[in-house]
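Numbering (full-length UniProt numbering), first residue to last: 1 to 205.
Read through the structure below, which is laid out as structure tokens, and then see the notes.
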């Protein structure tokens, strides 16, 4: 889903959710104060309470509506999700992760046919530019799900998915631990704002 479509879909969503009229002051203020999807998705109740006419109940409704809009933007999928290439993993996680303002470390668990087992799991939430995760946490979750392999992913809140030295070092540690435990680390995907980097494709693992 492209940026312009996402933004154009938010205004009617807010109008319908709160029975507001076209040109509503509240909707106008929300769009004006938070003009990008990144700002909208991460808006807090406290920030919304600063808008005239928005009380605690309405602030919660707005946050819930924006979260719903984000979920509805995910691709529908009735078939087993299969990870055949880095793009598959990126497509699965892009809408969920591209606007996050902290680094989230997420793992996809796969069976022997590369079908995704259950839902992607967030194993660590870091600071603005650092998601710290220990290999033990990753592989404990993988063994619990009887995973044959995993794809690990994290986002860069800056929007630039270029791997850092720390990203490369973490990938090597995870790959080495996976070799010992018997769970293959197929790739490490870094999510930016609509773009991604595969460390596997870059030859960095």
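Ideal Cβ positions, reconstructed from N, Cα and C, are used throughout, including at glycine.
Query, Result
"Going residue by residue through the UniProt domain \"MPN\" (82 to 205), where are the continuous alpha helix (DSSP H) segments of at least 4 residues, counting only ones entirely within it?", "86 to 97, 135 to 144, 165 to 181"
"Tell me which residue opens and which closes the alpha helix (DSSP H) that residue 27 is part of.", "25 to 33"
"Alpha carbon to alpha carbon, what distance is there between residue 84 and residue 119?", "17 Å"
"I need the DSSP call for residue 58, collapsed to helix, strand or coil.", "helix"
"Could you tell me the distance, in whole angstroms, from the CA atom of residue 161 to the CA atom of residue 155?", "7 Å"
"Output yes or no for whether 9 Å exceeds the beta carbon distance between residue 151 and residue 138.", "no"
"Between which two residues does the alpha helix (DSSP H) harbouring residue 41 extend?", "37 to 41"
"Should residue 140 be labelled buried (16 or more other beta-carbon atoms within 10 Å of its own) or exposed?", "exposed"
"Evaluate residue 187 with the Cβ neighbour count: other Cβ atoms within 10 Å of its Cβ, from every protein chain shown; 16 or more gives buried, anything less gives exposed.", "buried"
"Just mark residue 86 as buried or exposed, buried being the case when its beta carbon has 16 or more other beta carbons within 10 Å.", "buried"
"Would you call the region 173 to 186 in contact with the region 141 to 149, where contact means no fewer than 3 C-beta pairs closer than 8 Å?", "yes"
"If we call anything under 9 Å between Cβ atoms a contact, is residue 116 one with residue 81?", "yes"
"Nearest CA to the CA of residue 126: which residue from 146, 104, 114?", "104"
"Three or more beta-carbon pairs under 8 Å between the region 160 to 175 and the region 107 to 115, yes or no?", "no"
"Drop a sphere of 10 angstroms on the beta-carbon of residue 44, count the other beta-carbons inside from all chains shown, and report buried for 16 or more, exposed for fewer.", "exposed"
"Identify which residue in 31, 111, 53 has its Cα closest to the Cα of residue 146.", "111"
"Using only the alpha-carbon positions, how far apart do residue 41 and residue 201 sit?", "30 Å"
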